[in-house]
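Numbering (UniProt numbering), first residue to last: 1 to 255.
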């Protein structure tokens with residue numbers, strides 16, 4: 001899908017009343033009738049033992065660990081470093097009802113994915129942002145390696161499937177000559193040469209909040225098939241129990 005010429009791709013005790021003295025060995029309390037316990041057969045059968053076991057509970061719904069990039073503490077740091085505004089997390093968690101989602105990244109064999117919540121306002125934000133980046137990318141100087149640190153906001157090439165494009169990113173970690181960056185508008189991370197990053201400190205490039213946000217399927221998982229760039233239609237069904245900013249999504253039956 002293209003916008004402004006670029007791809008977007010968790011022994012009961014029994015208390016007896018009226019106790020007697022320790023010397024009194026008699027008791028007026030009737031002992032309960034004891035049932036004979038099942039005995040193991042000589043041939044090794046343990047059918048009787050099985051009867052003593054509690055009934056098996058119904059299989060619980062599979063639990064999946066929330067990906068690092070989707071966790072609240074990391075997104076809070078990203079918002080502080082790049083946008084100086086934490087309101088975005090609260091804003092996205094209030095969305096509900098019918099929705100069209102443009103998939104920007106998925107976590108294989110899990111229900112988690114990143115997507116753009118499509119609205120007219122979002123469409124305008126995408127056009128505005130990508131147009132400004134396209135005009136400025138060639139003018140932005142390359143960063144010196146000494147200037148690339150955790151928390152740096154900058155510009156890096158993002159592989160969108162049908163080619164590379166320069167997009168906003170945030171440096172998560174630097175290891176020698178390499179930098180682990182997170183593309184804030186696509187929900188994906190990549191390891192790149194620190195010397196390949198371009199400066200992007202001008203506040204005008206950071207007025208538009210992140211385009212994409214984290215979701216999870218209420219039922220099912222994403223397998224190996226690539227659906228990045230596809231639009232899923234369905235309904236938002238409340239917040240995830242693990243992270244309140246991750247919304248659960250139910251796809252329409254025809255999807």
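The beta carbon of each residue, even a glycine, is placed where N, CA and C say it ideally should be. Model, not experiment: these values are computed from the prediction.
Reduced DSSP category for residue i - H, G, I as helix; E, B as strand; rest coil
| i | result |
| --- | --- |
| residue 149 | coil |
| residue 248 | strand |
| residue 41 | For residue 41, the pLDDT reaches just 47, beneath the cut-off of 50, and the residue's location in the model is therefore unreliable, although a value from the coordinates is still provided. If DSSP states are grouped into helix, strand and coil, residue 41 belongs with coil. |
| residue 77 | helix |
| residue 87 | helix |
| residue 119 | coil |
| residue 207 | coil |
| residue 95 | coil |
| residue 130 | helix |
| residue 238 | strand |
| residue 274 | Any answer about residue 274 is impossible in this case: the structure gives the chain only from 1 up to 255. |
| residue 82 | helix |
| residue 142 | strand |
| residue 217 | strand |
| residue 253 | coil |
| residue 197 | coil |
Beta-carbon gap between residue i and residue j smaller than 7 angstroms
| i | j | result |
| --- | --- | --- |
| residue 213 | residue 103 | no |
| residue 251 | residue 111 | no |
| residue 156 | residue 192 | yes |
| residue 195 | residue 145 | yes |
| residue 85 | residue 188 | no |
| residue 168 | residue 185 | yes |
| residue 228 | residue 129 | no |
| residue 172 | residue 180 | yes |
Cβ distance (whole Å) where residue i is taken to contact residue j below 8 angstroms
| i | j | result |
| --- | --- | --- |
| residue 233 | residue 100 | 5 angstroms |
| residue 182 | residue 78 | 7 angstroms |
| residue 174 | residue 149 | 6 angstroms |
| residue 74 | residue 68 | 6 angstroms |
| residue 298 | residue 200 | The structure shown has nothing for residue 298, since the chain only spans 1 to 255. |
Same chain, Cβ closer than 8 angstroms to residue i, five either side skipped, listed in chain order
| i | result |
| --- | --- |
| residue 97 | 235 and 236 |
| residue 137 | 155, 166 and 198 |
| residue 239 | 93, 245, 246, 247 and 248 |
| residue 159 | 190 |
Contacts around residue i, its chain only, beta-carbon distance under 6 angstroms, and the 5 residues preceding and following it disregarded
| i | result |
| --- | --- |
| residue 82 | 153, 170 and 206 |
| residue 218 | 237, 248 and 250 |
Beta bridge counterpart(s) of residue i as assigned by DSSP
| i | result |
| --- | --- |
| residue 174 | 179 |
| residue 168 | 155 |
| residue 231 | 102 |
| residue 190 | 181 |
Neighbourhood of residue i by C-beta, 7 angstroms cutoff - its chain only, sequence neighbours within 5 removed
| i | result |
| --- | --- |
| residue 23 | Low per-residue confidence applies at residue 23: pLDDT is 48, beneath 50, and the placement is therefore not dependable enough to give any value. |
| residue 254 | none |
| residue 95 | 117, 236 and 247 |
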